[in-house]
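Worksheet for the structure shown next.
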DNA sequence: TCCCTGCGGGAAAGGGCTTTCACTGCGGTA
DNA sequence: TACCGCAGTGAAAGCCCTTTCCCGCAGGGA
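Residue numbers (full-length UniProt numbering), protein chains in the order written: chain A, 1 to 353; chain B, 1 to 353.
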């Protein structure tokens, strides 16, 4: 690889001058030298060594991002928001996938710190895991102590800046909607129980049912991976245990799509026999059949705000922005098929008639 | 940020010794010193400056990847394959989105070269653009001249190692299937015509029709963005121009989903009235309704192979791996509603009866 | 004419790390 | 006893840039 000295030598100037030309320094350089340098750069196909540059200027510019998985639409949307602001400010993003592995998250914090990022953004649910949370906070604190900025999206652990989708209210909206449609036998297809996102959404759901004087028994909840296959499998288990279910809440849209697949496989019409409601409103939600009723989160906006927090002026007190959830009614929800209000024996009578 | 010298000072050793302990060098260090160093590292929360390290060891390790858009499932799958091999070998991946902007692709080649990546992988269709192709090849050649390895996925331009999905045969399979089902009026929802992927797939389709003694007139093709909305819009234009269409080939699955949306909006039942066939077989294809008939490409495998090529031993002659396309029959295709073989007037008689 | 100013350019000092090389003791061989 | 070799450590030379500092020189004011 050609180096700056190579360029300088070829152009017959000092490395200092070559550097000034290449970086458009404010120091003036005569046109003649400038051209000689530029010519040398072109001939040698010179590209500055980024590491040497970053070492020489102690200018931290890049921003580190840790998400669970960029190819998951939830994070793809958030990342789009992050990217937008970063690009506007000429910042490079380093994106890392933790695949929901806490240890990998810890490793990536170190890695990004080592890469001298100006800021760090952690997106995605936190974990119910004391030890991990403490460790993570220590690392983040150490990073912040050296002037790094940190913001989290959708997780509580961190004591600094945060962008929080209102998961609880989202869960509440889903629950209330189903209650108003007359559903009693509601099953929940949930993500891993170790994730705070799962428990937050469940809490909202519980609250909605509670207001109707009902509870959400554990047997009506199945925990699985937060993806399509997890949703399909959890729905199957739910249905096996309780075939009378008239509604299913999936704690994210991927799982909802899995639920829809299982229902289709079992020939249970949606929404006539079973209603389904998702969470997140990812783009594909409009395109499944029937189009998915879901709780919308302003994903792109979450990314925009987190990046703005982290690149904006530092404030004394940490800022927490709570972004609202919104129910999007589409076609996977409808009135409960038949009210299971009458006690089970009554229903048996029904069936007999 | 604490530096290595800080650690060394605190541990009462030289930076050299500290470095040896931290990197597990082969040079032996007494246990006592080792422990002192480790303790200092922990106390100072020391993380090595990655740029300084990369500068000091001339060891190139990271691999650069340029894709059109990681959040597009097509590239998400390929990336998964790339990632798998890279992780196995302890390599870091730097992933850049070009968003199908040739200039940005050029820039990223430079950027990644500047970051001293050991290899470069370009995934995604090439462009019908002589000037760009030449420029890109120059840059890649310059990079290879300094010991860099390059592989491309799904593009012809580059003269070196390549992994090529068999787009042409894929198009052929789609065309033949539709012919065998008796379709005559076939419309094509195509990606941007500047992309070689678009023209390759079209060429295969043409060949299949050609074998039936038919051609594919331009008026039966609509070019649009390679995404859901592009597909929806192109389908609408196609249908407006030619309401008699009995089949639509979408040149990727995202566009097919858009096509399905438009057909649903117009109450044209799939596949009874119109058959639809997609391309790529991305995961969501099974979950739309009806499940999408499509041409499968081994996306993950493409990633695996490209990364293996680039990290494996260098060979004299460039290797090109052609990966097969396969037709996956699902439920969006069926026999043509009524054979348009009889001339239009005959059909009008039909309708009258 | 002399001095000061300011412009254009180069020398050199880092930036944080790895690694070679040289040095000090030590046990072991002739 | 004299010497060789080696384990364990530190000094210092890079890696490739950026940027400060300084120098020479030409032009303008006194």
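Built from N, CA and C at the ideal position, the CB exists for glycine as well.
- Taking 9 Å as the CB threshold, residue 167 of chain A stays off the interface with chain B.
- Note on residue 269 of chain B: under 16 other CB atoms within 10 angstroms of its CB, so exposed under the neighbour-count rule.
- For residue 252 of chain B, DSSP records no beta bridge to any residue.
- The C-alpha of residue 259 of chain B is placed about 54 Å away from the C-alpha of residue 20 of chain A.
- Residues are counted here when their Cβ sits less than 8 Å from a Cβ of chain A; for the region 324-335 of chain B the count is zero.
- Sequence-distant partners of residue 324 of chain A (beyond 5 residues in either direction) whose C-beta falls short of 8 Å from its own C-beta, in its chain, are 166, 169, 298.
- Put simply, the backbone Cα of residue 282 of chain B is about 12 Å away from that of residue 71 of chain B.
- With a cutoff of 9 Å on beta-carbon distance, residue 68 of chain A and residue 108 of chain A are scored as not near each other.
- The alpha carbon of residue 115 of chain A has as its nearest neighbour, out of A:62, A:212, A:203, A:311, the alpha carbon of A:62.
- Cβ atoms of residue 275 of chain B and residue 205 of chain B stay farther apart than 8 Å, at about 14 Å.
- Among the CB atoms of chain A, one or more fall inside 9 Å of the CB of residue 110 of chain B.
- For residue 106 of chain A, the closest of A:197, A:88, A:139 by C-alpha to C-alpha distance is A:139.
- Taking a 10 Å sphere around the C-beta of residue 316 of chain B, we find fewer than 16 other C-beta atoms and assign the residue as exposed.
- Taking 9 Å as the CB threshold, residue 287 of chain B lines the interface with chain A.
- CA-to-CA, the gap between residue 84 of chain A and residue 162 of chain A works out to about 18 Å.
- Under the Cβ criterion (8 Å, minimum of three pairs), the region 149-158 of chain A counts as touching the region 122-141 of chain A.
- Not a single CB atom of chain B sits nearer than 9 Å to the CB of residue 299 of chain A.
- No residue range can be given for residue 282 of chain A, since it is assigned to no beta strand (DSSP E) and is classified by DSSP as neither H nor E.
- In terms of beta-carbon proximity, residue 158 of chain B stays away from the interface with chain A, with every pair separated by 9 Å or more.
- In summary, no residue of the region 182-194 of chain A has a CB separated from any CB of chain B by less than 8 Å.
- Close to chain B, meaning a Cβ-Cβ distance shorter than 7 Å, are the following residues of the UniProt domain "HTH lacI-type" (2-57) of chain A: 45, 47, 48, 49, 50, 51, 52, 54, 55.
- Judged by DSSP in its simplified three-state form, residue 138 of chain A adopts helix.
- In this structure, the alpha-carbon of residue 264 of chain B lies about 19 Å from that of residue 185 of chain B.
- With 16 or more neighbouring CB atoms inside 10 Å of its own CB, residue 222 of chain B falls in the buried class.
- Residues of the same chain with a CB within less than 8 Å of the CB of residue 14 of chain B, apart from the 5 flanking positions on each side, are 8 in chain order.
- At a cut-off of 9 Å, the C-beta of residue 116 of chain A has a neighbouring C-beta in chain B.
- For residue 165 of chain B, the pairing in a beta bridge is given by DSSP as B:323.
- Below the 8 Å Cβ cutoff, chain A contributes 71 as neighbours of residue 79 of chain B, in chain order.
- Checking the DSSP bridge columns, you'll see residue 267 of chain A has no partner listed.
- Closer than 9 Å to the CB of residue 97 of chain A there is at least one CB belonging to chain B.
- Residue nearest to residue 65 of chain B within the set B:58, B:75, B:59 is B:75 (criterion: CA-CA distance).
- Between residue 291 of chain A and residue 246 of chain A, the C-beta spacing is not below 9 Å.
- In this structure, the straight-line span from the alpha carbon of residue 55 of chain B to that of residue 280 of chain B is close to 41 Å.
- Beta-bridge analysis with DSSP links residue 46 of chain B to no other residue.
- Residue 118 of chain A and residue 273 of chain A have their alpha carbons spaced roughly 53 Å apart.
- Residue 319 of chain A has a beta carbon lying at 9 Å or more from every beta carbon in chain B.
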